[in-house]
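Residue numbers (UniProt numbering): 1 to 104.
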């Protein structure tokens, strides 16, 4: 009878050890899966952050271009006016130069 009790205890210990090993393996699997899911979430978050940053940059660029357009148009008009003024004075400048060259 005592041997039976010892044998029962050994079997119970073996079962407990098997259960403990299985629980440890399951815990490792859960941790591994959690790390995998965390890595996937981090990667997705990085992609989303990158997409949002690009979107913000494009929006800022469009706003900046919209802001400078009136100034660019005004500068172009001023350049055109200066060109016209210069061209309108060209004949007088040429005549002045020819007079000075002829007068020497």
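In this text, a Cβ means the ideal position worked out from N, Cα and C, and glycines have one as well.
Nearest-angstrom Cα separation, counted from residue j out to residue i
| i | j | result |
| --- | --- | --- |
| residue 83 | residue 97 | 20 Å |
| residue 49 | residue 21 | 41 Å |
| residue 35 | residue 60 | 37 Å |
| residue 95 | residue 80 | 24 Å |
| residue 4 | residue 13 | 14 Å |
Beta carbon proximity, residue i to chain D, threshold 8 Å
| i | result |
| --- | --- |
| residue 2 | The question asks about chain D, but that chain is absent: this structure has only one protein chain. |
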